[in-house]
Each structure stands twice: as structure tokens, then as C-alpha cells.
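A.B. asks:
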Amino acid sequence: MQNIIKDIKKTSEVIRRCQRNWDHSKSIPREHIELLAEVAKNSPAKQDEAYFDVYVVTDRDLIEKLYENSDGFTAGALQKDSNGKLGKFTVWPNSQTRANIVFCWVSRQPSTMRNYYQDDHDYFKFDASDNGLDNDKLPGMPKDPNEWSRNIENTYTSIGISTACVAMAAARLGYVTGYNKNIGDFDEVVGLPQTETEYLRYTLSVGFPNEDKPHHVDDEGREFESFSLTTERENRIVEVTYDENGNI
Numbered sequence: 329m330q331n332i333i334k335d336i337k338k339t340s341e342v343i344r345r346c347q348r349n350w351d352h353s354k355s356i357p358r359e360h361i362e363l364l365a366e367v368a369k370n371s372p373a374k375q376d377e378a379y380f381d382v383y384v385v386t387d388r389d390l391i392e393k394l395y396e397n398s399d400g401f402t403a404g405a406l407q408k409d410s411n412g413k414l415g416k417f418t419v420w421p422n423s424q425t426r427a428n429i430v431f432c433w434v435s436r437q438p439s440t441m442r443n444y445y446q447d448d449h450d451y452f453k454f455d456a457s458d459n460g461l462d463n464d465k466l467p468g469m470p471k472d473p474n475e476w477s478r479n480i481e482n483t484y485t486s487i488g489i490s491t492a493c494v495a496m497a498a499a500r501l502g503y504v505t506g507y508n509k510n511i512g513d514f515d516e517v518v519g520l521p522q523t524e525t526e527y528l529r530y531t532l533s534v535g536f537p538n539e540d541k542p543h544h545v546d547d548e549g550r551e552f553e554s555f556s557l558t559t560e561r562e563n564r565i566v567e568v569t570y571d572e573n574g575n576i
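Using the working numbering, you'd call the opening residue of the sequence shown number 329 and step up by one each time.
1) When the distance is taken between beta carbons, is His543 closer than 8 Å to Arg358?
2) Name the one or two DSSP bridge partners that Ile429 has.
3) Could you tell me how far apart the beta carbons of Ala498 and Val534 are, in whole angstroms, since I believe they sit closer than 8 Å?
4) Sorted by chain position, which residues of the same chain lie with C-beta nearer than 7 Å to Tyr383's C-beta, five sequence neighbours on each side aside?
5) Ordered along the chain, which non-local residues of its own chain (more than five positions away) have a Cβ less than 7 Å from that of Tyr527?
6) Is Gln375 buried or exposed, if buried means 16 or more other CB atoms sit within 10 Å of its CB?
7) Can you check whether the CB of His352 is closer than 8 Å to the CB of Asn428?
8) By Cβ distance below 7 Å, which residues in the same chain neighbour Trp579 in space, the five residues on each side in sequence not counted?
9) Express the C-alpha separation of Gln446 and Asp335 in angstroms, rounding to a whole number.
10) Around the C-beta of Tyr530, are 16 or more other C-beta atoms found within 10 angstroms, so that it is buried, or is it exposed?
11) Figure out for me which residue from Met329, Asn331, Ala373 and Asp540 has the closest Cα to the Cα of Pro438.
12) Please report the residue range of the alpha helix (DSSP H) in which Gly400 lies.
13) Indicate whether Gly512 and Asp399 have their beta-carbon atoms separated by less than 8 Å.
14) Select from Asn331, Arg345, Lys338 and Met329 the residue whose C-alpha is nearest the C-alpha of Thr558.
15) How many Å lie between Leu363 and Ser486 at the Cα?
16) Can you tell me which of the three DSSP states Val434 falls into?
17) Apart from the five residues just before and just after Thr440, which ones in its own chain have a Cβ nearer than 6 Å to its Cβ?
18) If you count every other CB in all the chains shown that lies within 10 Å of the CB of Gly506, and 16 or more means buried, which is it?
19) Just to confirm before moving on: does the CB-CB distance between Asn538 and Gln424 stay below 8 Å?
20) Is the beta carbon of Tyr395 closer than 8 Å to that of Arg426?
21) With a cut-off of 8 Å on the beta carbons, I'd call Lys413 and Phe536 a contact; round off their distance for me.
22) Can you give me the C-alpha to C-alpha distance between Ile356 and Pro467, rounded to a whole angstrom?
23) Taking the alpha helix (DSSP H) that Val494 belongs to, which residues open and close that run?
24) Leaving out five residues on either side along the sequence, give the residues of the same chain with a beta carbon under 8 Å from the beta carbon of Asn482.
What follows is the structure in C-alpha cells.
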């Protein structure tokens with residue numbers, strides 16, 4: 329049991345960091361790629377519906393195109409000096425995108441409909457005396473596919489769970505990971521869906537680290553900020569239970 333606890337803690341530490349450099353001399357076995365893809369597909373989702381598709385980029389040239397389109401890391405801050413002059417401002421490509429493989433989550437609307445309107449859980453208030461009652465949103469009716477709670481909330485939640493499952497599995501296999509959402513025109517370059525409901529939302533890079541460098545220094549030697557090394561999160565952990573007097 330102690331070994332399992334240590335492994336879970338180590339895995340959590342690994343996926344919290346954003347890997348910025350990669351060892352491209354190594355290759356991820358096909359069986360590991362397919363396993364991680366299976367984990368991504370079968371992660372928990374609202375009513376077990378398909379809110380995303382997963383594209384796995386394995387070609388080195390295409391991964392480099394993703395890197396080239398990933399400008400978004402702020403390497404400098406627009407701060408004024410004593411003379412009121414703005415300091416240097418630089419944007420670098422997000423080097424976590426240059427991994428051995430990259431998983432891409434593209435949103436989609438499920439072909440199934442397992443969500444229904446409820447009179448006390450939805451934004452629409454049902455009142456039989458209301459002349460403006462929307463009969464298409466009566467309790468028990470299937471939800472509109474474009475409903476915010478379905479098209480946005482369920483989609484992002486499902487994608488977030490899936491990325492976390494893949495990251496955890498990858499770390500258990502001995503790999504490092506890096507999240508990214510700055511993809512520029514990469515979806516257009518590789519022909520991914522680009523509609524109001526279907527588009528690339530997040531990527532997760534998986535691969536081998538360059539053992540000669542800290543995780544936050546890229547292959548060009550540029551040092552990225554690493555808050556996971558220097559800060560403690562403000563997240564609170566609060567136990568919710570009854571005390572001996574029956575109070576919560």
C-alpha cells in the first residue's frame with residue numbers, strides 16, 4: 329500500500345509540471361500510444377456521451393508545425409521603469425508542444441441525447457401560469473443541443489476529465505506531460521474541424537524529458553517560469569461532515 333501511495337504522489341507531482349524540453353532520440357511504443365488513446369476515449373463523461381474526438385499527432389514534422397503555431401508564452405512583462413518607459417515584452421512559442429506525441433481534444437456534439445430539462449435544475453423557470461412558457465423546454469423534454477449547460481459545461485468538463493486521465497496514465501508509464509491551449513492556425517494546417525461547436529480546444533503533450541535540463545528550460549536553453557517549483561497553491565481542502573453535536 330505504501331508503494332501505491334508513493335506512486336500516486338509522484339504521478340501528481342509529474343503532471344503538475346509543464347515539460348518544456350524533450351528527448352526526440354526515443355520513441356513511444358505503439359502499444360502505449362494506443363493505450364493512452366483508449367484511456368482518453370473511455371474517460372468519464374456526462375451520461376457517458378461523446379463530447380469530444382481525440383486526434384493523436386505522432387508525426388515529427390506535424391508536431392513542429394504545432395510548435396511553430398503555438399506562440400503565447402509571455403517571456404517579459406510590460407512594466408514601467410523609473411522613467412516611465414515600458415520594459416521589454418517578448419512572446420515565445422510554447423515548447424511543451426514539441427513532445428514525442430501530442431493528444432488533441434476537439435469538441436463535438438454527441439449524436440445521442442440523454443440530458444433532459446428539469447423544473448428545478450435549469451435556468452429556465454417553468455410556470456404553467458406564464459404565458460411565455462416555452463413548450464420545447466418543459467420538464468422531461470430533451471435538451472436543446474446548443475444549451476450552454478450541454479454544449480459548453482458538459483463539453484469542457486468531459487475534456488478536462490479526459491486530459492487528466494491521460495496525463496495520469498502517461499505518468500504511470502514513466503512519461504512527462506505538458507498542457508497547452510495556444511494552437512494558432514494548427515487546426516487549419518492539419519484539417520481539423522472548425523465550426524461553432526467542433527474545434528480544437530486543448531492539447532496534451534506526452535514524451536521523454538531531456539535529462540540534462542530542468543523541466544522548465546526548453547531545447548533552445550530559454551528558461552520558462554515554473555510556478556510549480558516556487559509557489560504553493562491557494563486551493564483549500566475542506567472536510568464536510570457532521571460533528572459530534574450533529575452540526576455540519
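Heads up, the beta-carbon is just placed ideally off N, CA and C, and yes, glycines get one too.
C.D. replies: Taking the definition as stated:
1) Going by C-beta atoms, Arg358 is not nearer than 8 Å to His543.
2) According to DSSP, which records beta bridges pairwise, Ile429 is partnered with Val534.
3) Between Ala498 and Val534 the beta-carbon gap is near 5 Å, inside 8 Å, which marks them as a contact.
4) Once the five neighbours on either side are set aside, the close Cβ partners of Tyr383 are Cys432, Val434 and Leu520.
5) Closer than 7 Å at Cβ, skipping near neighbours: Val434, Ser435, Asp515 and Pro521.
6) Per the 10 Å Cβ criterion, exposed.
7) Their beta carbons are under 8 Å apart, which means Asn428 touches His352 by this criterion.
8) Residue numbering for the chain in the displayed model covers 329 to 576; residue 579 lies beyond these limits and cannot be assessed.
9) Each residue's alpha carbon lies about 42 Å from the other.
10) Looking at its Cβ environment, which holds 16 or more other Cβ atoms inside 10 Å, Tyr530 is buried.
11) Measuring from the Cα of Pro438, the nearest candidate turns out to be Ala373.
12) From DSSP, Gly400 is part of no alpha helix (DSSP H) but of the beta strand (DSSP E) over Asp399 to Thr402.
13) It is a contact, given that the beta carbons lie within the stated cut-off.
14) Answer by Cα proximity: Arg345.
15) If you take the alpha carbons of Leu363 and Ser486, they lie about 19 Å apart.
16) Three-state result, Val434: strand.
17) Hits under 6 Å: Glu377.
18) Classification for Gly506: buried.
19) Against a cut-off of 8 Å, the Cβ pair of Gln424 and Asn538 comes out as no contact.
20) Note that the C-beta distance between Arg426 and Tyr395 is below 8 Å.
21) About 43 Å separates the beta carbons of Lys413 and Phe536, which is beyond the 8 Å limit, so they are not a contact pair.
22) Taking the straight line from one Cα to the other gives about 49 Å.
23) For Val494, the uninterrupted alpha helix (DSSP H) segment begins and ends at Thr483 to Arg500.
24) Counting only Cβ-Cβ distances below 8 Å, and skipping sequence neighbours, we find Ala373, Lys374, Glu377, Tyr379 and Asn443.
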